[in-house]
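Report on the following structure.
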Amino acid sequence: MAPAAREEKLNPKPNVIAIVGPTAVGKTATGIELALRIGGEIVSADSMAVYKGMDIGTAKPTREERKLVRFHLIDVTDPDKPFSAGEYQKLAQAAIDDIINRNPPALIVGGSGLYIKAAVDGLALWIPPRNEELRRKLISQAESLGKESVHGLLAEVDPELAKRIHPNNLKRVIRALEIYHATGIPASVLFGQDADRGPTYPEARFFGLTMRREALYARIEERVDSMIAAGLVDEVASLLERGIDRSLPSMQGLGYKEIAGYLQGEYSLEEAIARLKRNTRQFAKRQLTWFRADKRIRWIDVENRNPSETARLIEQELKNEQGAAQPAG
């Protein structure tokens, strides 16, 4: 039987619902409340929650919360293992298909715009932005070791495309490496077989949670303080003691890189906390910029709503939409 997500449906009830927004806005709590109301399961769209042993800094749902609602795509890999958006897409879409084939709606909940895109649309519809840091490194390598050395990097990860691009065409070689670096998928694959299809789940509905910047920043301050009180320093110390290198992508996540710097004597704990708060505010701004560009998202001001009230509002909007779509009797 074809996956339910791929079938044309007469029933207008959406079976994929995304809850997005900036960090600390209350997405997980709202997702749990909505899942309890409509019988759904949650697919995490958090690029850090996939890592085992990284719990406090990623604000993963608690054991108690995971007993209330089934979560997917949490604790799927070790922090010293590579994990790409392409791998996330495969796992997330498999989870979504499994959920909706069993009939509950799948709630995609998270703040990683790329992971939301991967889960709902598929990465074939996404054009990765320029990576200036990677470009500088590759240009420097071409100048010191020759263009052929950069072309060799492409041949390792995307041999099919490397055959079609001359080593002297450094601009195209670098762009292809950018795409692979961002997605973990060779450009020849990403823009090949799936390039002509639309979103994987076109029936998906998107809800964005927002509030005034000052209120969000206050929540960020509170969250960071709570993470420190909950033992974030010990969590990062444990990872470093296990040999998890600071240069790994997992350790570049918010909270981990700042606290690692403190633990290795680069600055004080007070400075680490200040950096974490500042970096989290900047991250929230980037998240909002990404999500504001997606016109499918219906925004809900949650500053004066608790998660239960927000979930009830989303449920009502979905019911209203379903009622409007039903043919007149």
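In terms of this note's numbering, the sequence shown has 270 at position 274, counting the first letter as 1, and numbering is strictly consecutive.
Cβ atoms here follow ideal geometry from the backbone N, Cα and C, with glycine treated the same way.
Quick caveat, the model's predicted, so the values are computed rather than measured.
DSSP places Ile123 in the coil class of the three-state scheme, outside both helix and strand. Linking Tyr252 to Pro57 through their CA atoms gives a straight-line distance of about 18 Å.
Counting C-beta atoms within 10 angstroms of its own C-beta, Leu64 has fewer than 16 neighbours from the protein chains shown and is therefore classed as exposed. Assignment of Tyr197 by DSSP, reduced to helix, strand and coil, places it in the coil class.
By alpha-carbon distance to Ala91, the top candidate from Ala25, Lys48, Ala115 is Ala115. Across the structure, Gly17 and Lys291 are spaced so that their CA atoms are roughly 14 Å apart.
Excluding its 5 nearest sequence neighbours in each direction, Leu244 has C-beta neighbours in its own chain below 8 Å: Pro75, Asp76, listed in chain order. In chain order, Glu37, Ala102 place their CB closer than 7 Å to the CB of Ile95, counting only its own chain and leaving out the 5 sequence neighbours on each side.
Rounded to the nearest angstrom, the gap between the Cα atoms of Arg66 and Gly49 is 19 Å. Of the other Cβ atoms in all chains shown, 16 or more fall within 10 Å of the Cβ of Ile28; this residue is therefore buried. In the DSSP assignment, Tyr47 is bridged to Thr73. Close CB contacts of Asp154 within its chain, under the 7 Å cut and outside five residues either way in sequence, are with Ala172, Tyr176, Pro182, Ala183, Ser184 (chain order). For His68, the secondary structure class from DSSP, reduced to helix, strand or coil, is strand. According to the DSSP assignment, Asp290 belongs to no alpha helix (DSSP H), since it is labelled neither H nor E. Its chain contains Thr19, Ile216, Val220, Leu250 as the residues whose beta carbon lies nearer than 7 Å to that of Thr276, once the 5 sequence neighbours on both sides are disregarded; these appear in chain order. Distance from the CA of Ile296 to the CA of Leu205, rounded to the nearest whole angstrom, comes to 5 Å. Under the three-state reduction of DSSP, Ile181 is assigned to coil, being neither helix nor strand. If you look at Ala225, you'll find it in the alpha helix (DSSP H) that goes 209 to 226.
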